[in-house]
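In the working numbering, the protein residues as written are 15 to 175.
Structure (structure tokens):
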């Protein structure tokens with residue numbers, strides 16, 4: 015199960031969930047494998063204009079596997095055991111996977127989700143849908159408005175100049 019989640023094999027994960035006793039695998043570890051490691055460098059924006067910059071928020075890990083596991087085990091408290099909640103929240107917001115975002119906000123202490131980082135990166139990358147959704151749906155004390163505005167202005171400056 016863990017290997018299938020790590021390499022994005024939805025077909026294998028579906029088969030295992032449907033045909034194998036689910037107590038034989040740890041869904042928390044499987045979710046961590048599907049999400050992948052969250053490197054500290056993922057939050058560093060080293061965009062200096064050259065082609066070596068890769069924005070990890072744009073990684074499209076397999077949301078279908080994550081959604082399948084979250085839906086299948088929704089009665090279990092699996093979210094609080096996921097070690098890389100910030101990456102799940104950040105990438106879900108960057109790709110605007112609203113159902114996963116809402117589930118995270120509803121079931122996890124928001125201070126563990128890195129809302130400030132999500133807001134700042136959404137502002138700097140002109141993800142207006144994400145910014146608007148966060149402003150409407152999330153406690154605004156979880157991010158600094160001035161920093162978010164600075165990120166938005168910096169992002170716009172990059173496009174203008």
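Heads up, the beta-carbon is just placed ideally off N, CA and C, and yes, glycines get one too.
Three-state class that DSSP yields for residue i in the structure shown
| i | result |
| --- | --- |
| residue 113 | helix |
| residue 20 | helix |
| residue 31 | helix |
| residue 49 | helix |
| residue 41 | helix |
| residue 96 | coil |
| residue 138 | helix |
| residue 77 | helix |
| residue 128 | coil |
| residue 164 | helix |
| residue 88 | coil |
| residue 108 | helix |
| residue 158 | coil |
Neighbour-count burial assignment, residue i, 16 or more Cβ in a 10 Å radius
| i | result |
| --- | --- |
| residue 41 | buried |
| residue 138 | buried |
| residue 151 | exposed |
| residue 167 | exposed |
| residue 132 | buried |
| residue 101 | buried |
| residue 163 | exposed |
Cα-Cα separation between residue i and residue j, rounded to whole angstroms
| i | j | result |
| --- | --- | --- |
| residue 37 | residue 113 | 26 Å |
| residue 28 | residue 50 | 19 Å |
| residue 88 | residue 48 | 16 Å |
| residue 85 | residue 99 | 17 Å |
| residue 155 | residue 145 | 14 Å |
| residue 18 | residue 105 | 20 Å |
| residue 149 | residue 83 | 28 Å |
Own chain, CB closer than 6 Å to residue i, minus 5 neighbours either side, in chain order
| i | result |
| --- | --- |
| residue 59 | Bear in mind that the predicted position of residue 59 carries a pLDDT of just 40, short of 50, making it too unreliable to give a figure here. |
| residue 22 | 76 |
| residue 165 | 134, 137, 138 |
Cutoff 7 Å; reference residue i; Cβ partners in own chain excluding five residues on either side
| i | result |
| --- | --- |
| residue 143 | 110 |
| residue 43 | 16 |
| residue 97 | 46 |
Contacting residues, own chain, Cβ-Cβ under 8 Å from residue i (five flanking each side not counted)
| i | result |
| --- | --- |
| residue 119 | 127, 151, 152 |
| residue 95 | 42 |
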